[in-house]
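Enquirer:
Protein chains: 2
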Amino acid sequence: MIEHGGNIYRVAKILNKDLSCILDFSANINPLGFPQGLREYLSSCIDAIIHYPDSEYNELRNAIAGYIGARAENILVGNGAIDIISLCTQTVEADSVLIPIPTFSEYARIARINGLKVEYFHTGEEFILNVEDIVKEIKQNRYGMLILCNPNNPTGRLIDVNSLRCLLDEALKLSVFVMIDEAFIEFIEDYPESSVVRFINFYPNLCVVRCFTKFFGLPGLRLGYGVASMDFINKMKERALPWSVNVLADLGGRYVLKDQVFMEKTREVVSLERTFLMRKLSNLKWIFLYPSQANFVLGKSNTDVSILEKHLLEHGILIRNCGNFDGLDKHYIRLAVRDHRSNLKLIEALKSLQ
Amino acid sequence: MIEHGGNIYRVAKILNKDLSCILDFSANINPLGFPQGLREYLSSCIDAIIHYPDSEYNELRNAIAGYIGARAENILVGNGAIDIISLCTQTVEADSVLIPIPTFSEYARIARINGLKVEYFHTGEEFILNVEDIVKEIKQNRYGMLILCNPNNPTGRLIDVNSLRCLLDEALKLSVFVMIDEAFIEFIEDYPESSVVRFINFYPNLCVVRCFTKFFGLPGLRLGYGVASMDFINKMKERALPWSVNVLADLGGRYVLKDQVFMEKTREVVSLERTFLMRKLSNLKWIFLYPSQANFVLGKSNTDVSILEKHLLEHGILIRNCGNFDGLDKHYIRLAVRDHRSNLKLIEALKSLQ
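Chains as they are written, first to last, in the numbering used here: chain A, 9 to 362; chain B, 9 to 362.
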């Protein structure tokens with residue numbers, strides 16, 4: 009099992025502290041939490057657990073379709089994005105996959121489990137993904153599949169939508185299937201412009217992965233979805249397990265999609281707080297922060313970050329040590345952009361290290 | 009996608025009725041529903057969805073371990089029993105699987121998806137599984153895997169635990185891996201005597217699948233688990249997706265395992281009501297009910313049951329047409345054992361057909 013961010017249970021146990029005492033900067037969740045009203049709504053829905061979920065998830069898929077501007081037949085819901093990532097790698101007819109790194113480590117793990125040979129593409133010191141380089145690589149070494157994360161976790165780098173279209177055109181010509189994980193795309197200021205969801209009917213070789221985990225602040229509810237051509241969706245459905253989304257995720261997902269105000273406010277707060285965090289931390293000589301367009305930032309320290317990690321834990325602050333990301337090492341950390349008060353505490357704690 | 013019982017959403021839409029107006033005899037859920045107190049408890053836990061679940065599910069596995077008398081290291085939790093069934097068929101090193109039928113149709117579907125060749129073993133007109141016949145079959149045709157459902161869905165037949173031990177001994181000698189789905193075992197009157205869970209450390213070739221869906225009345229929450237040797241559990245874990253159980257299932261599962269009174273009461277009610285249902289329906293000349301030890305009964309009608317199905321739907325009663333079970337045909341139905349009042353309504357509706 010790979011160690012991920014957000015493992016507050018282990019940390020709470022080690023520190024012998026209550027979960028609520030930990031400031032978690034290791035999980036990239038919406039700083040506003042989940043939409044107001046959801047707590048009360050779900051509380052009133054508990055009785056629904058006595059029934060199986062709708063095996064077709066018709067209402068949920070309709071709600072998502074309306075939200076992203078697609079059709080329900082282009083959508084498959086799953087037990088978190090990870091379920092869709094797994095189904096996608098199982099369904100694509102490919103022997104090998106190219107994965108630009110550093111990125112979310114489950115892509116490689118799941119691809120290998122499903123019998124694909126994994127090749128990494130190093131994005132260089134600045135972690136900027138050059139689409140021309142990728143095209144050159146897939147032209148040279150006929151990979152059957154390419155996995156991208158946009159904006160990328162943990163670097164926060166965004167590939168612009170025009171470059172992605174060029175890449176998709178080339179991939180289509182070369183019969184390369186492209187999976188794009190847009191887990192963080194809704195945090196981007198110009199969303200939905202930045203998303204490739206609207207192109208799914210032009211590219212039979214494209215599957216977009218989305219989730220409710222990050223943007224809607226619902227990691228515990230487990231809800232993700234794939235968007236692709238009807239043909240590819242149907243192929244994934246053939247392999248999918250029945251009732252993969254629990255009824256509270258089904259109901260909760262439909263509820264939060266109505267809250268337009270929450271979505272606008274989130275983009276506003278994340279943009280403001282990311283700018284604030286970056287500015288305040290730019291004074292620190294021992295750490296370099298990479299420009300990010302997402303709700304988290306990658307930092308490079310001039311020393312081993314495990315000491316930093318330990319020190320912050322003493323302040324009840326949990327960060328993501330990126331040492332176990334392929335392509336990174338013990339000098340890298342990822343910090344979530346949180347609410348102003350929490351960010352201030354992080355800044356203070358980091359400053360006290362100077 | 010296979011059509012299963014419990015699809016009340018589709019039916020409610022067709023009838024243009026509210027879910028609560030449908031008497032669902034098609035899903036084999038505890039007639040008592042879920043334990044009292046769970047509604048209130050889960051209502052107070054909604055805030056937990058802001059965090060990822062504990063990736064190790066330590067507390068949940070400890071609670072299950074205490075409940076079944078095993079160790080946490082022998083347990084893997086999953087997104088319903090179906091998740092464990094899938095992981096088990098992926099993990100077992102086998103090319104072919106023997107499945108006695110009629111039984112739950114997902115075993116064959118999932119085994120095929122995971123590359124296994126499926127062979128059916130017909131249990132004959134009475135649907136009684138003779139262990140000696142199975143042993144003869146696995147001796148003759150070296151299957152790598154055997155899947156049993158005990159008590160069996162949809163027949164309600166139970167294989168006694170001594171016969172199962174003989175079968176497991178033979179299977180071990182022949183290197184046949186045995187998966188036993190005990191989704192309904194807790195409804196059996198002499199539970200836990202009837203379960204093979206206590207033998208897991210004697211049989212490295214055994215994986216027992218359990219769920220909270222049926223006995224604890226929680227189909228919408230999605231929680232199942234596998235019990236096996238530590239070695240096999242670790243192998244399944246290597247393939248498992250992270251965070252497969254949502255936090256409310258995690259918390260709810262731990263909560264219901266404390267309710268011993270609910271468990272005893274369930275076995276009492278199911279036994280009484282099954283006897284009542286069987287006695288009342290034995291007067292009907294046009295249907296034969298097979299003896300069952302579970303919370304449902306299989307019936308064989310002398311006519312096509314789709315007419316019966318339609319007629320009952322007009323009374324707001326949903327039953328399981330078993331026409332799509334391999335080994336059965338259009339003459340078979342499955343009826344869940346429900347609460348006394350609902351059972352009376354079913355009996356009246358069936359009698360009105362004479």
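Glycine included, each C-beta is placed from N, C-alpha and C at the ideal position.
For the alpha helix (DSSP H) holding D141 (chain A), just list the boundary residues, first then last.
Expert: Here residue 141 (chain A) corresponds to residue number 133 of the first sequence, with the count starting at 1. That run of the alpha helix (DSSP H) goes 139 to 148.
Enquirer: Can you list, in chain order, the residues of its chain with a C-beta nearer than 7 Å to that of S63 (chain A)? Leave out the 5 residues immediately preceding and following it.
Expert: Reading the first sequence from its first residue, position 55 is the one you call residue 63 (chain A). P250, W251.
Enquirer: Below 7 Å on C-beta distance, what does Y17 (chain A) contact in chain B?
Expert: For the purposes of this step, residue 17 (chain A) is identified with residue 9 of the first sequence, where counting begins at 1. The contacting residues are D62.
Enquirer: For my contact list, L354 (chain A) and F33 (chain A) are in at a C-beta cut-off of 8 Å; report their separation, rounded to the angstrom.
Expert: Position 346 of the first sequence, counted from the start, is the residue given in the question as residue 354 (chain A). Position 25 of the first sequence, counted from the start, is the residue given in the question as residue 33 (chain A). Between F33 (chain A) and L354 (chain A) the Cβ distance is about 6 Å, and since that is below 8 Å, they are a contact.
Enquirer: When you compare the CB of R262 (chain A) with every CB in chain B, is at least one pair closer than 8 Å?
Expert: Within the first sequence, the letter at position 254 stands for residue 262 (chain A). Cβ-Cβ to chain B under 8 Å: no for R262 (chain A).
Enquirer: Give, in chain order, every unbroken run of the beta strand (DSSP E) that is at least 3 residues long and sits entirely within the segment 289 to 356 of chain B.
Expert: 295 to 297, 304 to 309, 340 to 344
Enquirer: Along the segment 315 to 338 of chain B, where does the CB come closer than 8 Å to a CB of chain A? Name the residues.
Expert: Taking 8 Å as the Cβ-Cβ cut-off against chain A, none of the residues of the segment 315 to 338 of chain B qualify.
Enquirer: DSSP three-state call for A257 (chain B): helix, strand or coil?
Expert: The sequence position of residue 257 (chain B) within the second sequence is 249, counting from 1. Residue state, collapsed to three classes: helix.
Enquirer: List in chain order: all unbroken beta strand (DSSP E) runs of 3+ residues lying wholly within the segment 39 to 91 of chain B.
Expert: 83 to 86
Enquirer: Can you pull the chain B residues whose beta carbon is under 7 Å from the beta carbon of R120 (chain A), in chain order?
Expert: Within the first sequence, the letter at position 112 stands for residue 120 (chain A). By Cβ distance, chain B contributes nothing, its closest Cβ being about 10 Å from R120 (chain A), past 7 Å.
Enquirer: Straight-line CA distance for V368 (chain B) to K125 (chain A)?
Expert: As displayed, chain B neither begins before 9 nor continues past 362, which places residue 368 (chain B) out of reach and without an answer.
Enquirer: Flag N82 (chain A) as yes if its beta-carbon sits less than 8 Å from any beta-carbon of chain B, otherwise no.
Expert: Counted from its first residue, the first sequence places residue 82 (chain A) at position 74. The beta-carbon of N82 (chain A) is placed no less than 8 Å from the nearest beta-carbon of chain B.
Enquirer: Do we get a CB-CB distance below 8 Å when we pair R349 (chain B) with the residues of chain A?
Expert: Numbered from its first residue, the second sequence carries residue 349 (chain B) at position 341. Not one chain A Cβ lies under 8 Å of R349 (chain B).
Enquirer: Taking 6 Å as the limit between beta carbons, can you name the residues of its chain near P108 (chain B), skipping five residues before and five after?
Expert: Taking the first residue of the second sequence as position 1, residue 108 (chain B) is located at position 100. Closer than 6 Å at Cβ, skipping near neighbours: F129, T131, L137.
Enquirer: In chain order, what residues of the segment 242 to 258 of chain A put their CB closer than 9 Å to some CB of chain B?
Expert: Of all residues in the segment 242 to 258 of chain A, only K245, E246, R247, A248, L249, P250, W251, S252, V253, N254, V255, L256, A257, D258 come within less than 9 Å of chain B when Cβ atoms are compared, listed by chain position.
Enquirer: For E8 (chain A), which residues in chain B fall below 7 Å Cβ to Cβ?
Expert: No answer is possible for residue 8 (chain A): it lies beyond the span of chain A, which begins at 9 and ends at 362.
Enquirer: Determine which residues share a DSSP beta bridge with H130 (chain A) and list them.
Expert: Sequence index remark: in the first sequence, residue 130 (chain A) carries index 122 (1-based). According to DSSP, which records beta bridges pairwise, H130 (chain A) is partnered with A:I109.
Enquirer: Go ahead and pull the three-state DSSP assignment for S360 (chain A).
Expert: Looking up residue 360 (chain A) in the first sequence gives position 352. S360 (chain A): coil per DSSP, three-state reduction.
Enquirer: From G232 (chain A) to E127 (chain A), what distance separates their C-alpha atoms?
Expert: In the first sequence, residue 232 (chain A) corresponds to position 224, counting from 1. In the first sequence, residue 127 (chain A) corresponds to position 119, counting from 1. Going by the C-alpha atoms only, they are around 26 Å apart.
Enquirer: Going by Cα to Cα distance, which pick from B:E11, B:N291, B:I341 is closest to S113 (chain B)?
Expert: For the purposes of this step, residue 113 (chain B) is taken as the residue at position 105 of the second sequence. Nearest of B:E11, B:N291, B:I341 to S113 (chain B), Cα basis: B:E11.
Enquirer: Per DSSP, what kind of secondary structure is K245 (chain B) in: helix, strand or coil?
Expert: If you number the second sequence from 1, residue 245 (chain B) lands on position 237. It is helical.
Enquirer: Looking at V277 (chain B): is its Cβ nearer than 8 Å to the Cβ of L23 (chain B)?
Expert: Residue mapping note: residue 277 (chain B) aligns to position 269 of the second sequence, counting from 1. Residue mapping note: residue 23 (chain B) aligns to position 15 of the second sequence, counting from 1. It is not a contact, given that the beta carbons lie outside the stated cut-off.
Enquirer: When the cut-off is 8 Å and only beta carbons count, does L292 (chain B) lie next to chain A?
Expert: Start at 1 with the first residue of the second sequence, and residue 292 (chain B) comes out as number 284. No, because no Cβ of chain A sits closer than 8 Å to the Cβ of L292 (chain B).
Enquirer: Would you say L116 (chain B) lies against chain A (beta-carbon separation less than 8 Å)?
Expert: Counting from one through the second sequence, the residue named residue 116 (chain B) turns up at place 108. The sequence as given places Ala at residue 116 (chain B); Leu does not occur at that position. Output row for A116 (chain B): interface = no.
Enquirer: Between which residues of its own chain and R218 (chain B) is the CB-CB distance below 6 Å, once the five residues before and five after are set aside?
Expert: On the second sequence, position 210 is the one that residue 218 (chain B) refers to. Once the five neighbours on either side are set aside, the close Cβ partners of R218 (chain B) are E190, Y233.
Enquirer: Taking the CB atoms as reference points, tell me whether I341 (chain B) and H59 (chain A) lie closer together than 8 Å.
Expert: As a working note, residue 341 (chain B) is residue 333 in the second sequence. As a working note, residue 59 (chain A) is residue 51 in the first sequence. Not closer than 8 Å, so no.
Enquirer: Does chain A have any CB closer than 8 Å to the CB of R417 (chain B)?
Expert: In the structure as shown, chain B begins at 9 and stops at 362. Residue 417 (chain B) is therefore absent and cannot be evaluated.
Enquirer: Name the chain B residues whose beta carbon is nearer than 7 Å to that of N87 (chain A)?
Expert: On the first sequence, residue 87 (chain A) is found 79 positions in, with the first residue counted as 1. Simply N87, S252.
Enquirer: When you compare the CB positions of L259 (chain A) and A56 (chain A), do they come within less than 8 Å of one another, or not?
Expert: Mapped onto the first sequence, residue 259 (chain A) falls at position 251. Mapped onto the first sequence, residue 56 (chain A) falls at position 48. Contact: yes.
Enquirer: Quick one: Cα of N161 (chain A) to Cα of I325 (chain A), how far?
Expert: Here the question's residue 161 (chain A) lines up with position 153 in the first sequence. Here the question's residue 325 (chain A) lines up with position 317 in the first sequence. I325 (chain A) has its alpha-carbon roughly 20 Å from the corresponding atom of N161 (chain A).
Enquirer: With a threshold of 6 Å on Cβ separation, who are the neighbours of N70 (chain B) within its own chain once the five nearest residues in sequence on each side are excluded?
Expert: Here residue 70 (chain B) corresponds to residue number 62 of the second sequence, with the count starting at 1. Excluding sequence neighbours, N70 (chain B) sits near A80.
Enquirer: Under three-state DSSP, which class holds S28 (chain A)?
Expert: For the purposes of this step, residue 28 (chain A) is taken as the residue at position 20 of the first sequence. Residue state, collapsed to three classes: helix.
Enquirer: What does I90 (chain A) touch in chain B if you count any residue whose Cβ is under 9 Å from its own?
Expert: Position 82 of the first sequence, counting from 1, holds the residue named residue 90 (chain A). In chain order: L249, P250, W251, S252.
Enquirer: Contact between the segment 221 to 241 of chain A and the segment 200 to 220 of chain B is defined here as three or more beta-carbon pairs at a separation below 8 Å; is this criterion met?
Expert: no
Enquirer: Would you kindly work out how many angstroms separate the C-alpha atoms of R47 (chain A) and I118 (chain A), rounded to a whole number?
Expert: To locate residue 47 (chain A), count along the first sequence from 1; it is residue 39. To locate residue 118 (chain A), count along the first sequence from 1; it is residue 110. Whole-angstrom Cα-Cα distance: 33 Å.
Enquirer: Give, in chain order, every unbroken run of the beta strand (DSSP E) that is at least 3 residues long and sits entirely within the segment 184 to 232 of chain A.
Expert: Within the segment 184 to 232 of chain A, the complete beta strand (DSSP E) runs of at least 3 residues are 185 to 189, 214 to 219.
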